[in-house]
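Following the working numbering, the numbering of the sequence shown begins with 2 at its first residue and continues without gaps.
In this text, a Cβ means the ideal position worked out from N, Cα and C, and glycines have one as well.
Scroll down for the structure; my scribbles are underneath it.
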Amino acid sequence: MTSPAHKIRIGNLSAIIWRNPSDKGAWYSLQITRSYKNGDDEWRNTDALGYDDALTAAKLLDLAHTWITHQLEADRKGRKEAVA
2 MTSPAHKIRI
12 GNLSAIIWRN
22 PSDKGAWYSL
32 QITRSYKNGD
42 DEWRNTDALG
52 YDDALTAAKL
62 LDLAHTWITH
72 QLEADRKGRK
82 EAVA
């Protein structure tokens with residue numbers, strides 16, 4: 002399994018960003034997860050969020066969008082330099 006390109010965490014919520022290479026250049030996808038402990042004190046992850054998670058998830062999406070935007074710009078710049 003490949004590693005995430007970037008991970009942003011606020012409290013028990015995380016935005017996991019994946020870089021996906023293609024012939025036309027990389028594209029990015031992301032996943033929001035919430036960590037919790039089950040009855041056996043084992044850490045688990047879920048993509049189910051509660052009402053109290055909404056604003057934190059929105060902030061994570063904003064930060065992920067900013068990070069991906071910067072990466073796409075760096076990717077474009079790198080392709081231009083490789084062609085020149």
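The alpha helix (DSSP H) runs lying completely inside the segment 8-85 and spanning 4 residues or more are 55-84, given in chain order. Residues of the same chain with their beta carbon placed closer than 8 Å to that of residue 43 are lacking, with the five preceding and five following residues left out of the count.
Residue 31 counts as buried, since at least 16 other C-beta atoms from the protein chains shown sit within 10 angstroms of its C-beta. At a Cβ-Cβ threshold of 8 Å, residue 18 and residue 34 do not count as neighbours.
Sixteen is the threshold: when 16 or more other Cβ atoms of the shown chains lie within 10 Å of the Cβ of residue 65, as they do, the residue is buried.
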